[in-house]
Amino acid sequence: MRVNNIEYSCYRNLRQVQLSFSHGVNVLYGMNAQGKSNILEGIYYFARGRSFRGVRDRDLVMFGEAAARFSIEFVRGISDAPITLTAALPASGKKKLYRNGAPLRGSAEMLGAFRAVLFCPSHLSIVNGGPAERRAFLDIAIAQNSQSYIYYLSNYRRFLAERNALLKRYSQGVRVSAEEWETYAAQLSRAAAEIYAERRAYCDALTEDVSEYFREMTGEREKPSLKYTSHLDISESGEELFDEKEATAESLYTRLTTNIDRESAAGSTLWGPHKDDIHITLNGKEARLFASQGQQRSIALSMKLAEGEFSRRVSGEYPVFLLDDVFSELDESRRRFIMDKLKGRQIIVTSCEPSVVPTANADGDIAYFEVKGGEVFP
Ligand SMILES: Nc1ncnc2c1ncn2[C@@H]1O[C@H](COP(=O)(O)OP(=O)(O)OP(=O)(O)O)[C@@H](O)[C@H]1O
Ligand SMILES: [Mg+2]
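No gaps in the numbering here: position 69 of the sequence shown is 68 in the working numbering, and each next residue is one more.
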């Protein structure tokens with residue numbers, strides 16, 4: 000997969016930007032606060048359906064302007080016709096998305112067409128942060144490769160929000176019938192079992208690549224491993240459930256129908272995939288607690304490389320790799336390792352200092368762009 004062109008208007012500090020990328024390495028360089036990350040954020044928007052920096056769509060509109068409009072043109076197989084995705088974000092009102100000019104119903108319909116893997120320094124928190132960060136890693140990565148995952152996850156989130164609101168009303172004395180609790184338990188447990196199965200399979204699939212990348216990157220003999228963990232691994236009566244959709248659905252259903260007073264006191268749903276985690280270990284010990292900062296960073300980088308490998312296995316081609324300011328944090332040998340592993344794929348890198356991007360091995364297909372005050376100079 001390759002991005003050919005991008006076009007932004009009134010997107011953050013980019014008033015009017017048009018760029019054509021090389022199919023190899025692209026280096027966006029410039030001083031701080033010039034718009035480098037904004038450019039990557041706009042590209043990744045089409046892979047994720049929202050900003051990777053956790054802001055609302057309307058925050059992407061240039062200050063004082065009525066709307067942002069931006070698009071990417073990309074190709075999948077080399078012989079395929081290019082596809083253009085466009086987002087129009089008003090400062091107030093609903094966003095509009097288009098594919099080759101035709102309106103889409105929403106992000107769910109857009110996701111999966113354009114695939115990208117984003118690396119940024121904050122990804123260290125996938126290893127050393129809380130469970131929510133690891134769940135987000137899974138959700139974003141799996142959604143790009145599975146339409147059914149998007150469907151079940153969005154259903155799950157909707158039912159969960161509704162059930163949590165119901166628990167709050169119940170705790171204030173509103174009567175709720177047994178059937179209503181059962182309906183929510185059934186809907187949530189059906190979606191949960193699918194989410195659980197996909198996340199678990201994804202972690203299993205990633206483990207081998209992660210440990211191979213880690214070994215090559217560090218030369219260490221210690222072995223990282225990822226294991227998806229959930230309350231649903233164990234039934235309420237204490238037996239271990241092995242990835243059986245029926246059994247996990249049933250185990251959640253039972254919990255959600257028999258602990259309502261406890262959940263209502265807590266004010267939210269206490270079981271389900273929104274409570275799960277990935278147990279990341281190095282030689283069997285929890286990496287978050289025992290691995291060094293350098294080892295944690297190497298695991299996070301290995302996970303990102305493995306994410307790209309998984310995507311290729313599912314779709315037959317590599318996604319686009321977006322690297323936001325990662326090289327300045329790495330030693331020379333890791334920089335070269337990353338560039339070597341990404342050889343032959345499209346990479347778009349930002350950096351204050353272009354010389355930290357080791358391009359010596361990049362086969363000539365390299366483009367440099369200077370980003371200055373919201374403008375880009377090839
Ligand atoms: N909605 C917006 N409208 C106009 N400007 C914005 C908006 N949002 C952010 N900016 C500006 O964009 C600039 C930052 O852009 P960006 O994050 O891309 O910088 P950068 O070049 O990646 O810098 P660094 O090297 O520090 O990471 C800031 O000056 C910020 O004020
Ligand atoms: Mg930046």
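Yeah, the Cβ is synthetic: ideal placement off N, Cα and C, and Gly gets one too.
If only complete runs of 3 or more residues are kept, the region 285-355 shows the beta strand (DSSP E) at 319-323 and 346-350, in order along the chain. Ranking 59, 199, 6 and 244 by CA distance to the CA of residue 134 puts 199 first. Within the DSSP secondary-structure output, residue 17 pairs in a beta bridge with 6.
Under the criterion of beta carbons closer than 8 Å, residue 127 and residue 295 qualify as touching, at roughly 5 Å. For the pair residue 213 and residue 125, the CB atoms are not nearer than the 8 Å cut-off. Closest by C-alpha distance to residue 340, out of 142, 24 and 88, is 24.
With a threshold of 7 Å, the Cβ atom of residue 323 counts as near ligand 2, since some heavy atom of the ligand is closer than that. For residue 36, the shortest separation between its Cβ and any heavy atom of ligand 2 lies below 7 Å. Going by DSSP, residue 358 is part of no alpha helix (DSSP H) at all; its letter is neither H nor E. The C-beta distance from residue 279 to residue 318 rounds to 22 Å, too long to meet the 8 Å contact threshold. Annotation: the continuous alpha helix (DSSP H) that includes residue 130 extends over 130-142. The beta carbons of residue 263 and residue 166 sit about 5 Å from each other, so the pair counts as a contact at 8 Å. With fewer than 16 other Cβ atoms inside 10 Å of its own Cβ, residue 173 counts as exposed. Taking all protein chains shown into account, residue 312 has fewer than 16 neighbouring C-beta atoms within 10 Å of its C-beta and is therefore exposed. Shown here, residue 282 sits in coil according to DSSP, grouped into three states, outside any helix or strand. For residue 371, the enclosing beta strand (DSSP E) covers residues 365-371. In the displayed model, residue 116 falls within a strand according to three-state DSSP.
An exposed status is given to residue 77, since fewer than 16 other beta-carbon atoms sit within 10 Å of its beta-carbon.
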